[in-house]
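Inspection log for the structure reproduced underneath, given as structure tokens.
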Amino acid sequence: MPESLKYPHPKRKWTNLEMANQMFKDAFLVKKTRFSKLHPELSDEELHKMTIEYFRNLPDDEGK
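Taking the numbering used here, the leading residue of the sequence shown gets 17, the next gets one more, and so forth.
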């Protein structure tokens with residue numbers, strides 16, 4: 017076995033931006049899944065649009 021495969025590579029630490037991006041992707045998927053259970057008649061494209069609108073209409077938390 018090559019030496020490079022014997023030892024696991026240390027995990028690279030995520031930047032704050034990468035972590036925030038992943039958290040948003042996860043939240044988007046969770047909300048889209050929830051909408052699909054509430055509205056099984058909607059197509060994937062309609063669910064995607066509904067989820068985008070949900071996040072677009074969230075109030076800003078500026079000023080906290």
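We treat Cβ as the ideally placed atom computed from N, Cα and C, and that holds for glycine. Computed from a prediction, not measured in an experiment: that's the story for all the values here.
The C-beta distance from L63 to F71 rounds to 13 Å, too long to meet the 8 Å contact threshold. For N73, there is no enclosing alpha helix (DSSP H), as DSSP marks it with neither H nor E.
Contact check for T67 and K41: beta-carbon distance about 12 Å, past the 8 Å limit, so the pair fails to qualify.
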